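Colleague: For the first sequence, this note's numbering puts the final residue at 1298, and the numbers step up evenly by one.
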Amino acid sequence: MIKITLPDGSIREVAAGTTALDIATSISEGLARNVLSANINGEIWDATRPITTDSSLSLLTWNDKDGKNTMWHSSAHLMAEALEALYPGIKLAIGPPIENGFYYDVDFGEHAFGDGDFKKVEDKMLELARQKNKFERTEISKQDAVSYFKEKNDPYKLELLEDLEDGNITFYTQGGFTDLCRGPHIPHTGFIKAVKIMTVAGAYWRGDENNKQLTRVYGITFPKNKELTAYLHMLEEAKKRDHRKLGKELGLFTFSQKVGQGLPLWLPKGTDLRERLIDFLKKAQEKTGYVQVATPHIGHKDLYVTSGHYEKYGADSFQPIKTPNEGEEFLLKPMNCPHHCEIFNAEPRSYKDLPLRFAEFGTVYRYEQSGELHGLTRVRGFTQDDAHIFCTKDQVEQEFKKVIDIIKFVFKALDFKEYTAQISLRDQEDRTKYIGSEENWEQAEQAIIKTTQEAELNTVVEYGEAAFYGPKLDFMVKDAIGRSWQLGTIQVDYTLPERFELEYTGSDNQKHRPVMIHRAPFGSLERFVAVLIEHCGGKFPLWLTPQQVAILPISDKYNEYAENLSELLKNYDIRASVDARNEKIGRKIRDTEVEKIPYMLIIGEQEATENKVSVRKQGEGDLGSFSIEAFAEIINKEVEELTKFN
RNA sequence: GCUGAUGUAGCUCAGGGGUAGAGCACUUCCUUGGUAAGGAAGAGGUCACGGGUUCAAUUCCCGUCAUUAGCUCCA
653 MIKITLPDGS
663 IREVAAGTTA
673 LDIATSISEG
683 LARNVLSANI
693 NGEIWDATRP
703 ITTDSSLSLL
713 TWNDKDGKNT
723 MWHSSAHLMA
733 EALEALYPGI
743 KLAIGPPIEN
753 GFYYDVDFGE
763 HAFGDGDFKK
773 VEDKMLELAR
783 QKNKFERTEI
793 SKQDAVSYFK
803 EKNDPYKLEL
813 LEDLEDGNIT
823 FYTQGGFTDL
833 CRGPHIPHTG
843 FIKAVKIMTV
853 AGAYWRGDEN
863 NKQLTRVYGI
873 TFPKNKELTA
883 YLHMLEEAKK
893 RDHRKLGKEL
903 GLFTFSQKVG
913 QGLPLWLPKG
923 TDLRERLIDF
933 LKKAQEKTGY
943 VQVATPHIGH
953 KDLYVTSGHY
963 EKYGADSFQP
973 IKTPNEGEEF
983 LLKPMNCPHH
993 CEIFNAEPRS
1003 YKDLPLRFAE
1013 FGTVYRYEQS
1023 GELHGLTRVR
1033 GFTQDDAHIF
1043 CTKDQVEQEF
1053 KKVIDIIKFV
1063 FKALDFKEYT
1073 AQISLRDQED
1083 RTKYIGSEEN
1093 WEQAEQAIIK
1103 TTQEAELNTV
1113 VEYGEAAFYG
1123 PKLDFMVKDA
1133 IGRSWQLGTI
1143 QVDYTLPERF
1153 ELEYTGSDNQ
1163 KHRPVMIHRA
1173 PFGSLERFVA
1183 VLIEHCGGKF
1193 PLWLTPQQVA
1203 ILPISDKYNE
1213 YAENLSELLK
1223 NYDIRASVDA
1233 RNEKIGRKIR
1243 DTEVEKIPYM
1253 LIIGEQEATE
1263 NKVSVRKQGE
1273 GDLGSFSIEA
1283 FAEIINKEVE
1293 ELTKFN
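1) Nearest CA to the CA of residue 877: which residue from 1066, 738, 848, 900?
2) Thinking just about the alpha-carbon of each residue, which of 835, 1153, 1210, 1122 is nearest to the one in residue 999?
3) Terminal residues of the continuous beta strand (DSSP E) containing residue 1305?
4) Residue 1036 by DSSP, collapsed to three states: which one?
5) If you count every other CB in all the chains shown that lies within 10 Å of the CB of residue 931, and 16 or more means buried, which is it?
6) How many whole angstroms separate the CB atoms of residue 689 and residue 712, which I take to be in contact at a CB cut-off of 8 Å?
7) Just the Cα atoms here: how many angstroms apart are residue 1230 and residue 1188?
8) Looking only at its own chain, which residues have a Cβ that is under 7 Å from the Cβ of residue 1037, when we skip the five neighbours before and after it?
9) If I'm right that residue 872 touches residue 753 with Cβ under 8 Å, what's the distance once you round it to whole angstroms?
10) Taking a contact to mean a Cβ-Cβ separation below 7 Å, would you say residue 867 touches residue 760 in this structure?
11) Just verifying my parser: in three-state terms, what is the DSSP assignment at residue 1287?
12) With a floor of 4 residues, list each alpha helix (DSSP H) that falls wholly inside the region 889-956, ordered by position along the chain.
13) Evaluate the contact criterion for the region 729-736 versus the region 761-780: three or more CB pairs, one atom per stretch, below 8 Å.
14) Under the criterion of a Cβ to heavy atom distance below 6 Å, does residue 687 qualify as lining the ligand GTP?
15) Hey, quick one: how far does the beta strand (DSSP E) through residue 1003 stretch, first residue to last?
16) For the alpha helix (DSSP H) that residue 1101 lies in, which residues bound it at each end?
17) Would you call the region 952-959 and the region 1014-1033 in contact, with 3 or more CB pairs under 8 Å?
18) Tell whether a beta-carbon distance below 7 Å holds between residue 1076 and residue 1107.
19) Cα-Cα, which of 1006, 1170, 1068, 1223 is closest to residue 1281?
20) When we look at the beta-carbon of residue 986 and count the other beta-carbons within 10 Å, is it buried (16 or more) or exposed?
21) Under three-state DSSP, which class holds residue 766?
22) Between the Cα of residue 597 and those of 758, 738, 1185, 1149, spot the shortest distance and give me the residue it belongs to.
23) Using 7 Å as the threshold, is the C-beta distance between residue 1236 and residue 1190 below it?
24) Please determine if the region 807-816 and the region 714-725 are in contact, where contact requires at least 3 C-beta pairs separated by less than 8 Å.
25) Please classify residue 1051: is it buried, with 16 or more other beta-carbons within 10 angstroms of its beta-carbon, or exposed?
26) Helix, strand or coil: which one does DSSP assign to residue 754?
27) Between 680, 703, 1008, 682, which lies nearest to residue 691 when the distance is taken from Cα to Cα?
28) Would you identify the three-state DSSP class for residue 1043, choosing helix, strand or coil?
29) Among the residues of its own chain, which have a CB less than 8 Å from the CB of residue 1287, if the five just before and after it don't count?
30) With a CB to CB cut of under 6 Å and the five nearest residues on each side skipped, what residues in its chain are close to residue 1104?
31) Who are residue 1276's beta bridge partners in DSSP?
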């Protein structure tokens, strides 16, 4: 008999060789029908694999990330089986699960696999799935494995086998298909009820462009048809929210071939939004003791040689520009921090001056490969909401706390309700790859852990994800349709103070090296605006939106009253404009709704006589009649609630 | 950067070896209308750019540029 510890702490005694599925069955039939795999002592196993020693067990279903992965990994095998049946002679490479579904890299030989083939593959997969073929695990010797794939003439699997140790090799077979695979897999193919082949793309064997290009077939599967429908609906929704589309429709930004790839041009409305975001953050930062600095768009090459950026990124950057006479080399600024270090160095600093917080909305330029450019999320020129905090190592904790406060404030004002903080710490095994003293690291890492706890953040700790120059904290937000984006970041840096020989005089009258903290709540304005657009679907929060109110006269008889109203609202800091077009009110309302302007004021005979406004809210409809003062108060209250820091 | 797809009016797109079409937007006129599209007329295009094939290219071929889906990359 062996002991199995369940997640609730209860212990079951079962015969050795019992499977996770057996245990699920003993709990309930319903549970057993949903078990995809199991976590045995921290390893993911087949639910059908016999357990032979005392173990902890948790059953994994579609609701678990690992359960989904198992399902999708098995789906990749199912797709491979279908592809082999439909296109005999193809060679299979690798087929892992990914964030949304799975793929398989396939060498189709002469056949050009494309959209036209998808339906066929989906049908075949469903046909095979309905056979409820079991996934069977076999341990196999390396020699036998090699001869199997030699027989099958599959060069990719043979190459994979070269790197595997004998005694550690398993095959999985379902129906007529056998694949080299570590597993685990779902009990049988019948769990796969809905299948969609999404797309194909080229991918190099082992990610190396010198290797042969294979066809990567992407697919996704679900245990219920309904979930597939919901997923496809979500994709449609994402398309509608695409910031590139909305940015164009709402007149926020554009690109020009003449100006250059990846160089966004902000249109008046987009600039309004952007400036408003800047003001908003500046105000919060002023209250937290930041001071603004400003630095030029280029800097001497030596600056970046000192910072180390030239060595690391110089070759892949925009190349240096030279002065015509002296031939001195300058780089387009890829980072603000070296400039800020020199500002720190501009005068002798005392411990009494610290912390010093230099903030700059600094525009930087980075050469991104042309294939990487994407709307506003990946560009070659962008503005960081950058700041560098120079402090003593004892101040790191308090400074972290303040930065977290600002970031939380930003997320709240912009209605990002769900976010997690990823704490990136040193590799626990190998500490040689990091610069800075053990003591400093330890102190900073502890400060991050402590402050994130105190701030009651949802955190994930990732060991080995720290930058070589210091630990960091990244904020991942979930948008309105459940996608994750990385936005704000806080990073501790021990190397730049070292490289720039930053010093301050301590209370002991000795020279000390300050700690530097990089931080950017938005990350970059471009990327942040892109995420924000997709999050709110273009319906910006009232405080931020370029136009808050549209004044819609019923006919041109009331245009004058409307214009007066617009002027009056300016006194209340409300951004309004009049739609004086010769159109019917229904048309004006429709167009305003489409433009996603939050409030409409309908102005006609009645309003003009009574000196009132009829208020209509975007997406909601008629709110009734208000005096102008009352309306202004509603707007201003809503704005203030969201944008007040502290 | 690599591989594939795409590039036609301001926008969304149709078309196709004999120098172009729709809807929306725009302009003008009519209409003065009370909570999601009133009517009519008009204007608007070197069919991304450069070569080639052809009597003739926007259409076919090649190249360049850009966009896009992936791959690789991201201070």
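Glycine included, C-beta positions come from ideal geometry on N, C-alpha and C. None of these values were measured; they are calculated from a predicted model.
Modeller: Let's see:
1) 848
2) 1153
3) The first residue shown for the chain is 653 and the last is 1298, placing residue 1305 beyond what the model contains.
4) Here residue 1036 sits in strand by DSSP.
5) exposed
6) For residue 689 against residue 712, the beta-carbon gap comes to about 5 Å, under 8 Å, which counts as contact.
7) 25 Å
8) Hits under 7 Å: 933, 1013, 1172, 1173, 1174, 1177.
9) Cβ atoms of residue 872 and residue 753 come within 8 Å of each other, at about 3 Å.
10) yes
11) helix
12) Within the region 889-956, the complete alpha helix (DSSP H) segments of 4 residues or longer fall at 895-901, 920-939, listed in chain order.
13) yes
14) Annotation note on the ligand GTP: not contained in the displayed structure, which lists no ligands.
15) Segment: none, residue 1003 is in no beta strand (DSSP E) and carries neither H nor E.
16) 1090-1106
17) no
18) no
19) 1223
20) buried
21) coil
22) With the chain represented from 653 up to 1298, any question about residue 597 goes unanswered, as that position is not in the structure.
23) no
24) no
25) buried
26) strand
27) 703
28) strand
29) 1194, 1200, 1201, 1224, 1226, 1251
30) 1073, 1111
31) 1267
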